[in-house]
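Below: one structure, written as structure tokens.
Numbering (the numbering used here), first residue to last: 37 to 286.
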């Protein structure tokens, strides 16, 4: 067993963009009883440190035995942010995060976000469920009074793409002159092939749509198969499927 104190570490040695200064207390112990598997126990105390111009503190305590990584405690704190976790990574690792001040992470943003769920990483496959809720959000000129999202990364076999389903709802959205009182979005499938649908109430009009598509080479390409709605003039609809491409380069 052993202990180590580290003060004023420079994280930019690992990555030039990681500007800051870290202060750590580390403890480790290795046990190997006769006739039983060995076990490594560890604890990391993150004393008041700075990273990306933010003050951080935290604690990490866990063990490694028979290829199972178990955390009895994970805690990371910063102004306006709190993250907690515990569990076995290969079985069920629970997470809970709270952001009480979004502006602490994104300049000129506002709002509060809470997220919770669990993940499992086993045999190079990640599965889990995460839920998030937000209120009084403002980001890049778009405001939302409330927001909720559910992400489910389902079990999938080896050598196949992950199967994902997402359901999200937002209300009281404003972007310039646009006012969306209600927006619902659903998507299910794999990154290579998925189907999405959404409904929304926009400036007094009801709109719904269905799309299929895929992510490839940094862009999303798909087809809008359905788009119809109703406004003050009456009903309207898309006459034929339309091809759509979204790219970070465009």
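We put the CB at the ideal spot given by N, CA and C, even for glycine.
| query | result |
| --- | --- |
| Nearest-angstrom Cα separation, counted from residue 110 out to residue 201 | 27 Å |
| Selected residue, minimal CA-CA separation from residue 94, among 218, 121, 265, 72 | 121 |
| Beta-carbon spacing of residue 116, residue 140 below 8 Å | yes |
| Residue 222, enclosing beta strand (DSSP E) - first and last residue | 214 to 226 |
| Boundaries (first-last residue) of the beta strand (DSSP E) holding residue 111 | 104 to 114 |
| Cβ neighbours of residue 228 in the same chain (closer than 8 Å, five flanking residues each side left out) | 197, 250, 251, 252 |
| Coil, strand or helix - residue 48 by DSSP | helix |
| Residue 276, DSSP secondary structure in three states | coil |
| Residue 140, DSSP secondary structure in three states | helix |
| Among 209, 208, 158, the one whose alpha carbon lies nearest that of residue 190 | 158 |
| Three-state secondary structure (DSSP) of residue 63 | strand |
| Chain-order list of residues whose beta-carbon lies under 7 Å from that of residue 144 (same chain, five-residue window excluded) | none |
| Contacts around residue 48, its chain only, beta-carbon distance under 7 Å, and the 5 residues preceding and following it disregarded | 54, 55 |
| Range covered by the beta strand (DSSP E) that runs through residue 101 | 90 to 101 |
| Burial state of residue 123, where buried means 16 or more other Cβ atoms lie within 10 Å | buried |
| Closest residue to residue 246 among 230, 256, 237, 78 (Cα-Cα distance) | 230 |
| Contact under 8 Å by Cβ, residue 60 with residue 87 | no |
| Which listed residue (242, 221, 240) has its alpha carbon closest to that of residue 233 | 221 |
| Candidates 98, 52, 119, 112: closest to residue 65 by CA position | 98 |
| Check whether residue 186 and residue 207 have beta carbons under 8 Å apart | no |
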